[in-house]
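Sequential numbering of the sequence shown, starting at 1, is according to UniProt numbering. For reference, the structure is listed below as structure tokens.
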Amino acid sequence: MSSAPEDTPGAPSTPAPTTAPAPGLIITEEDWADLLGPHLTSAPTRPPFDPLRYVDSLPEVDVDDIPADANRCPHCWLPFGTTDEDNPDYLPDAPETAEIGLALAFFAELPFDRSRMDNDPVRTPCGHVFGRSCLLDSLQLVGTTCPMCRAELDGGGRSRVGVG
């Protein structure tokens, strides 16, 4: 029966085993940065795509300059410069409660109300013309591509909108 020497002078000592981290240990971004710091490359970051600012920066198109056969928004099919509210037969959805109806009525009177439909035509860099609100809806819900030709509109190669 041989046994290993317990404390032999000059023998290398083995480090004491460390205890495993507690279950549920949370590693923060800073911890990861410390651990991987030299292995990470930092790419320049761009601000998130802002659909409202983008649509507001597009050139407006005079309705009179649009041929009669193309005078409808390809998204909602309403004539440019008009909205559902311009139609005398239009009946808006009833608000869920009277309080919501009152709040919406006050909000609609504010000069900066962005919820109001705006079907004034704007031209994208790829040359397509949309109503302002329709293009804004598409950019917010679908991505940063032109709804007609899928050309990238934000200039950065992203295909989804960063909502933040």
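For each residue, glycine too, the CB sits at the ideal point set by N, CA and C.
Distance between Asp-34 and Leu-25, taken at the CA atoms: about 16 Å. DSSP places Val-55 inside the alpha helix (DSSP H), whose first and last residues are 51 to 57.
Under the criterion of beta carbons closer than 8 Å, Gly-81 and Val-61 do not qualify as touching, at roughly 10 Å. In chain order, Cys-134 place their CB closer than 6 Å to the CB of Cys-76, counting only its own chain and leaving out the 5 sequence neighbours on each side. Scanning Pro-79, Asp-137, Asp-69, Met-148 for the CA closest to the CA of Asp-50 turns up Asp-137.
Cβ-Cβ distances below 6 Å link Val-129 to Val-61, Pro-121, Arg-123 in the same chain, with the five nearest sequence neighbours on each side left out; the list follows chain order. Looking at the DSSP output, Phe-80 sits in no beta bridge, so it has no partner there. Cβ contact annotation for Glu-96 (same chain, cutoff 8 Å, sequence separation greater than five): none. For Arg-132, the enclosing alpha helix (DSSP H) has its first and last residue at 132 to 141. Distance between Tyr-54 and Gly-101, taken at the CA atoms: about 30 Å. No Cβ-Cβ contact shorter than 9 Å links Cys-73 with Pro-67.
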